[in-house]
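In this text, residue positions in the sequence shown follow our numbering: the first is 273, and each later residue adds one.
We treat Cβ as the ideally placed atom computed from N, Cα and C, and that holds for glycine.
Predicted model only: the values in this text are computed from it and were never measured.
Here's the structure we're looking at; comments come further down.
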Amino acid sequence: MEHLIDEARAAIPPAIRDAEKYGTRSLYGFKSMFKTDKAVPLVTTMLRNVAALKALPNLQPFPQYLQKPHFACATAESVHRYPFIPYDPLISCEIGQVSSFYIGNTVYIFLCPTFWALPSHPEEPPLTGCCPEVKNNAFKVYPGYEVYNYQSYVILHELVHFYLQLMSLSGLTIPPEQYSMNGCVGLDYATSLLNPLNIQTYVASKYTHS
Ligand SMILES: [Zn+2]
C-alpha cells in the first residue's frame with residue numbers, strides 16, 4: 273500500500289511544474305480540464321496538499337486532532353471495525369460498483385475488492401501523442417487504456433476528495449460528479465476544480481506522456 277501512495281505522490285511534482293510554467297499552454301490537457309490560467313494556483317495548491325498528505329482538523333474518528341488521510345480495505349469486518357461510519361463499506365462497493373470511495377467528514381478512504389484488480393501504473397504509454405484521440409466530438413476510449421485508470425491515480429482521485437471535503441462534486445450535487453473524460457471537459461472552470469477526475473486526468477496525462 274505504501275508504495276502505491278508513493279507512486280501517486282511521485283506523479284505530482286511534474287504536474288505542478290507543468291501547470292506553473294505553462295498553465296493553459298500546457299501540452300497535457302490543462303486547458304481542456306481547467307479552462308483558464310486562474311485555475312493554476314488552485315490546482316497546484318491542491319496537488320501540494322496531496323503530495324504532503326496534509327493533515328486536516330474536524331474529521332472522525334478524532335476530530336479534536338489534525339489527521340492525515342487513512343486508507344482502509346473494505347471487507348466483511350469493516351462495518352464492525354468502523355462503527356461511526358453510517359453504512360457498510362463492502363456493500364457500498366458492490367452497490368456503487370466502484371473501486372474506492374472516500375467517506376466525507378472522516379479520515380477514511382476505502383479500497384474495494386475491485387481496486388486490487390487494477391494495474392498499479394501504466395507499463396508503457398497507453399496512447400501515442402499527448403491527448404487521447406477525439407472521434408465524433410468525443411474522446412475515443414481504448415478499453416483498459418484510459419490514461420488515469422491505475423491504482424496510483426485512483427488513490428490520487430480519492431485524496432482530492434479528501435482535500436475538497438464537502439465542496440467536491442458527488443452524486444448529490446449540481447452538476448453531479450463526472451466520471452468520464454468528456455464529462456470532465458464539459459465542466460466550467462469553477463466546477464472543474466471540484467471534480468477529482470479533472471485533476472487525476474491532468475496529472476496522469478503529464479506523468480504518462482513525458
Ligand atoms: Zn470521485
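Residue i at chain D interface by Cβ criterion, 8 Å
i: A346; result: Considering every chain present, this structure includes no chain D. It has just one protein chain.
Euclidean distance between Cα positions of residue i and residue j
i: A311; j: Q437; result: 19 Å
i: L428; j: V379; result: 15 Å
i: C365; j: G376; result: 16 Å
i: T386; j: G368; result: 12 Å
i: H275; j: A324; result: 15 Å
i: L383; j: R353; result: 15 Å
i: D290; j: L299; result: 9 Å
i: G455; j: I446; result: 13 Å
i: P358; j: S304; result: 37 Å
i: D360; j: E449; result: 22 Å
i: N321; j: M439; result: 16 Å
i: F343; j: N330; result: 18 Å
i: H433; j: L328; result: 13 Å
i: R297; j: H481; result: 16 Å
Buried/exposed call for residue i, threshold 16 Cβ in 10 Å
i: T400; result: Because the pLDDT of T400 is 49, which lies under 50, any placement of that residue in the model is unreliable, and the number read from its coordinates should be weighed accordingly. When all chains shown are included, T400 counts as exposed.
i: F334; result: exposed
i: G458; result: exposed
i: I284; result: buried
i: N470; result: buried
i: W388; result: exposed
i: L338; result: exposed
i: A280; result: buried
C-beta atoms of residue i and residue j nearer than 8 Å
i: L444; j: L466; result: no
i: F272; j: S464; result: The chain is shown from 273 up to 482; residue 272 falls before or after that span and cannot be answered.
i: F356; j: Q336; result: no
i: Y435; j: Q472; result: no
i: I381; j: S372; result: yes
i: Y474; j: T308; result: no
i: G295; j: S477; result: no
i: I277; j: L319; result: no
8 Å contact criterion, which residue i and residue j should meet: CB distance rounded
i: P391; j: Y420; result: Their Cβ separation, rounded to whole angstroms, is 12 Å, which puts P391 and Y420 out of contact at 8 Å.
i: E349; j: T316; result: Their Cβ separation, rounded to whole angstroms, is 39 Å, which puts E349 and T316 out of contact at 8 Å.
i: L431; j: P286; result: Incorrect: roughly 17 Å between the Cβ atoms, too far for contact.
>> Strictly closer than 6 Å from CB to any heavy atom of ligand 1: give me those residues in the order they appear in the chain.
In response: Chain-ordered list of matching residues: H429, H433, E449 and P468.
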